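Numbering (the numbering used here), first residue to last: 1055 to 1245.
Backbone N, C-alpha and C fix where the C-beta goes; we use that ideal spot for every residue, glycine too.
Remember, predicted model here, so these are calculated numbers, not experimental data.
Below is one structure, written out as structure tokens, with a few remarks after it.
Written out as structure tokens, the structure reads:
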């Protein structure tokens, strides 16, 4: 008998069982480590894509046929049968197109979150109106310590009889836009 009270022949199956379990745990650990490395790489790629989209100055209105865009020039009734076949046979295409739509929507939201819309400003409908608006907004922001804007432009309207087109004012960040919106009416009363 051994010192533990069991014979060496009885402890051998226990040791073998423990070695098997350790081997399985090592294999599982290796698989999890490999899966984690793949996830880290995928996350890094996604971060690069997100940063590229955030920092890009290019418009992302791609008119990609798989995107559901109200302004899209693609006519669904006349879509190419070849494209339809490709979509059916390539499930990854649907995922890519969904990611493109999501990226496009995200980009549009980022653009809109920095815009303030002013309605009712005088509008002579001339080509110089945007310059006049910029001068007015510059004077207002200087006089009332409002945040500086980046761009000022008038919205194009379909109806030519409209008296005053809305004025859009773009800011560097959403915080500046919110501050401008909160204090705009007070600033108008001061001037």
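Buried or exposed by the 16-neighbour rule on C-beta atoms within 10 Å, applied to residue i
{"i": "residue 1170", "result": "buried"}
{"i": "residue 1234", "result": "buried"}
{"i": "residue 1127", "result": "Caution is warranted here: a pLDDT of 48 is assigned to residue 1127, below 50, making its placement in the model unreliable, and the coordinate value is therefore given only provisionally. Per the 10 Å Cβ criterion, exposed."}
{"i": "residue 1225", "result": "buried"}
{"i": "residue 1223", "result": "buried"}
{"i": "residue 1093", "result": "exposed"}
{"i": "residue 1221", "result": "buried"}
{"i": "residue 1191", "result": "buried"}
{"i": "residue 1200", "result": "buried"}
{"i": "residue 1066", "result": "exposed"}
{"i": "residue 1087", "result": "exposed"}
Residue i (DSSP reduced to helix, strand or coil)
{"i": "residue 1094", "result": "helix"}
{"i": "residue 1218", "result": "coil"}
{"i": "residue 1175", "result": "coil"}
{"i": "residue 1245", "result": "coil"}
{"i": "residue 1144", "result": "coil"}
{"i": "residue 1200", "result": "coil"}
{"i": "residue 1102", "result": "helix"}
{"i": "residue 1180", "result": "coil"}
{"i": "residue 1246", "result": "Given a span of 1055 to 1245 for the chain in the structure shown, any question on residue 1246 remains unanswerable."}
{"i": "residue 1158", "result": "helix"}
{"i": "residue 1213", "result": "coil"}
Pairwise C-alpha distance: residue j and residue i
{"i": "residue 1104", "j": "residue 1156", "result": "11 Å"}
{"i": "residue 1176", "j": "residue 1166", "result": "23 Å"}
{"i": "residue 1241", "j": "residue 1095", "result": "50 Å"}
{"i": "residue 1232", "j": "residue 1168", "result": "8 Å"}
{"i": "residue 1187", "j": "residue 1145", "result": "49 Å"}
{"i": "residue 1152", "j": "residue 1158", "result": "10 Å"}
{"i": "residue 1081", "j": "residue 1150", "result": "33 Å"}
{"i": "residue 1202", "j": "residue 1185", "result": "15 Å"}
{"i": "residue 1252", "j": "residue 1218", "result": "No answer is possible for residue 1252: it lies beyond the span of the chain, which begins at 1055 and ends at 1245."}
{"i": "residue 1120", "j": "residue 1154", "result": "Note that residue 1120 scores a pLDDT of 48, beneath 50, so its modelled location is shaky and nothing firm can be said."}
{"i": "residue 1079", "j": "residue 1073", "result": "10 Å"}
{"i": "residue 1180", "j": "residue 1108", "result": "34 Å"}
The ligand ADP heavy atom lying under 6 Å from the CB of residue i
{"i": "residue 1192", "result": "Within the structure as shown, the ligand ADP is missing, as the structure has no ligands at all."}
Residues that DSSP places opposite residue i in a beta bridge
{"i": "residue 1207", "result": "1222"}
{"i": "residue 1193", "result": "In the DSSP output, where bridge partners are listed per residue, residue 1193 has none listed."}
{"i": "residue 1170", "result": "1223"}
Integer-rounded CB distance, given that residue j should sit under 8 Å from residue i
{"i": "residue 1208", "j": "residue 1183", "result": "6 Å"}
{"i": "residue 1163", "j": "residue 1245", "result": "Not really, about 32 Å apart at Cβ, beyond 8 Å."}
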